[in-house]
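This report refers to the structure that appears directly beneath it.
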Amino acid sequence: MTIREYIQQEKPRIMEDWASLIRIPSISCEAEHKSDMVRCAEQWKTLLLSYGAQHAELMPSAGNPMVYAEYQCGQPSAKTVLVYGHYDVMPVAPLELWNSEPFEPSVREGRLYARGADDDKGQTMIQATAFKFLVSQGLMPCNVKFILEGEEEIGSPSLDEFLKTHKELLKSDIILVSDTSMIGKDTPSITTGLRGLAYWEIEVTGPNRDLHSGHFGGAVANPINTLCTMLSKVIDDHGRITIPGFYDKVLPIPEAEREMIRHIPFSEEKYMQAIGVQAVQGEEGYSTLERNSCRPSFDICGIWGGYTGEGSKTVLPSKAYAKVSCRLVANQDHEEISRAFADYMQQIAPKSVRVKVTPMHGGQGYVCPIDLPAYKAAEKGFEVAFGKKPLAARRGGSIPIISTFEQVLGQKTILMGFGLESNAIHSPNENMDLEVFENGIVAVTEFYKEYSRV
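Residue numbers (our numbering): -19 to 434.
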């Protein structure tokens, strides 16, 4: 039986298993769903055992339980694949924007709609179904371990310590993750890079109280004016970030990768129309796709202070605040950048104000070499499933756990993601394209076959 024949034969069971997970509102950021987190973990344990795992258990962490399962294929020289996923989901608000119940899956026009349909219950179900097929047919050529967490949507606060504690248990030859997206349904791609992140809150204090702007304006530093001036100096006229030492560890984009990026279907005009801007801007010498995935960036995420109520109040405020972030690229250490930024703010602050910079959170970037045997196996899997070779594409977002895997477990991760931009993850009417879902199962199945040969 081929994998596609198996999918068609088992489709009702696959859909029901998927639905059994979706119906559990495993929202990790809401305390009222604590029991649902355990229920969802238990359901994953039950499913993985029924799919052929020889052992599965819920393992405690500092937060929600981890689901661990394993399968040994019996071949002494077999490679070991560690599959990671997460069973927690985002809240559903605003509920009124959903066209169907968020925790009751609804199939419409070739898509399944529900919270978690894609992120990450749907994508993890792709992995689990491919595993089930290979084991049931006696075709699984690799040892497989699953680790599913319940805190990814709140930053995986328990994962780092869990990995360190169970490093030997989680030993593998490669880590496989389906929690990212493709360029398009007809343009399959494998994510080869993720940007890191550094995030701060800045507090600028001037006078010891709010002052009358008529009596004191022009004679006393206005913290909002000063904060704006300071932040305006972080990016120069060429789009370069001015923090001392910021680019010291930034690696150039390999020309071969720049060539691949040039082949990604992309219309700058449509890009601008979609977000309602008249022009793009950024670091000189780089395309839009390079700027938002392969190069670092700096953004003011929020800024406030003074009077913002109805009407007018002529006040010179005592304090001003901002939240700012940097997206970082591979090789940049978020803790080093965090210290460098805090030092820079102090250096450029005038004596007329006091500045406090508070680091909030961060994570490392990640790059997967495209010559890895496991990457080649994934590439072949996509080609078989989608009928064309996937493009290698870096993404501008951050998944800090991927770099954590490399730092703690010492292994690279292959990001075999099957999401689409139209899947609306984290938003009302999250969904998964069912054709892509099935192709994903085929791609993962072929990955195991190919990886066992390299």
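Backbone N, C-alpha and C define an ideal beta-carbon position, used for all residues, glycine too.
Just to confirm before moving on: does the CB-CB distance between arginine 307 and glycine 376 stay below 8 Å? Going by C-beta atoms, arginine 307 is nearer than 8 Å to glycine 376.
Hey, could you find the ends of the beta strand (DSSP E) glutamate 131 is sitting in? No beta strand (DSSP E) holds glutamate 131; DSSP gives it neither H nor E.
Look at methionine 396 and phenylalanine 366 and say whether their C-beta atoms are less than 8 Å apart. no
For histidine 35, three-class secondary structure by DSSP: strand
Tell me whether the beta-carbon of arginine 91 lies closer than 8 Å to the beta-carbon of asparagine 411. Taking C-beta atoms as the reference points, arginine 91 and asparagine 411 count as a pair closer than 8 Å.
Taking the alpha helix (DSSP H) that cysteine 274 falls in, what are its first and last residues? Segment: none, cysteine 274 is in no alpha helix (DSSP H) and carries neither H nor E.
Contact between the region 227 to 247 and the region 260 to 271: three or more CB pairs below 8 Å? yes
Beta-carbon spacing of lysine 435, valine 388 below 8 Å: This structure cannot speak to residue 435, because the chain is shown only from -19 to 434.
Using the Cα positions of glutamate 129 and serine 15, report the straight-line distance between them to the nearest angstrom. 15 Å
So, is alanine 300 buried or exposed, given that buried needs 16 or more other C-beta atoms within 10 angstroms? buried
When the Cβ atoms of the region 345 to 362 are set against those of the region 208 to 227, are three or more pairs found closer than 8 Å? no
Closer than 8 Å is the cut-off here; do at least three beta carbon pairs connect the region 332 to 342 with the region 180 to 199? yes
Is valine 335 helix, strand or coil when you go by DSSP? strand
Have a look at glutamine 103 and glycine 289 and give me their C-alpha separation to the nearest angstrom. 45 Å
What residues in its chain sit with their C-beta under 7 Å from that of methionine 281, if we drop five residues either side in the sequence? The question names methionine, but residue 281 in the sequence shown is cysteine. So the qualifying residues of the chain are Lys303, Val304 and Ser305.
Pick helix, strand or coil for isoleucine 233, following the three-state DSSP scheme. In the structure shown, isoleucine 233 sits in coil (DSSP, three-state: anything other than H, G, I, E or B).
Going by the CB atoms, is the gap between valine 416 and lysine 165 shorter than 8 Å? The beta carbons of lysine 165 and valine 416 sit closer together than 8 Å.
Lysine 303 - partner residues in DSSP beta bridges: Glu181 and Gly282
What is the rounded straight-line gap between the Cα of proline 370 and the Cα of isoleucine 381? Cα to Cα, proline 370 sits roughly 24 Å from isoleucine 381.
Less than 8 Å between the beta carbons of glycine 399 and methionine 162, yes or no? Contact flag set, yes.
Going by beta-carbon coordinates alone, are glutamate 133 and glycine 43 separated by less than 8 Å? no
Report the option in Met(-5), Pro71 and His314 whose CA atom is closest to the CA atom of alanine 11. Of the candidates Met(-5), Pro71 and His314, Pro71 places its Cα closest to the Cα of alanine 11.
Reduced DSSP secondary structure (H/G/I, E/B, other) of threonine 294: coil
Cutting at 6 Å between CB atoms, please list the residues of its own chain near valine 63, excluding the five before and the five after it. Gln107, Phe126 and Leu156
Cα-Cα separation, isoleucine 2 to lysine 101: 7 Å
So what's arginine 461 in DSSP terms, helix, strand or just coil? Residue 461 is absent from the model: the chain starts at -19 and stops at 434.
CB serine 6 to CB valine 69, shorter than 8 Å? yes
Note the first and the last residue of the continuous beta strand (DSSP E) segment covering glutamate 50. Start and end: 46 to 51.
Can you tell me which of the three DSSP states aspartate 413 falls into? In the three-state reduction of the DSSP assignment, aspartate 413 falls in the strand class.
Buried or exposed, going by whether 16 or more other CB atoms sit within 10 Å of the CB of arginine -7? exposed
Mapping the DSSP letters down to three states, classify histidine 146 as helix, strand or coil. Coil, per DSSP.
Within 10 angstroms of the Cβ of aspartate 228, are there 16 or more other Cβ atoms? Answer buried if so, exposed if not. exposed
Identify which residue in Ser402, His35, Thr425 and Gly219 has its Cα closest to the Cα of tyrosine 266. The shortest CA-to-CA distance from tyrosine 266 to any of Ser402, His35, Thr425 and Gly219 is the one to Gly219.
Go ahead and label cysteine 9 buried or exposed: buried means 16 or more other beta carbons lie within 10 angstroms of its beta carbon, across all protein chains shown. exposed
Just curious, the beta strand (DSSP E) that leucine 119 is in, first and last residue? From DSSP, leucine 119 is part of no beta strand (DSSP E); its letter is neither H nor E.
Closest Cα partner of methionine 46 within the set Ser57, Gln258, Val18 and Val200: Of the candidates Ser57, Gln258, Val18 and Val200, the one whose C-alpha sits nearest the C-alpha of methionine 46 is Val18.
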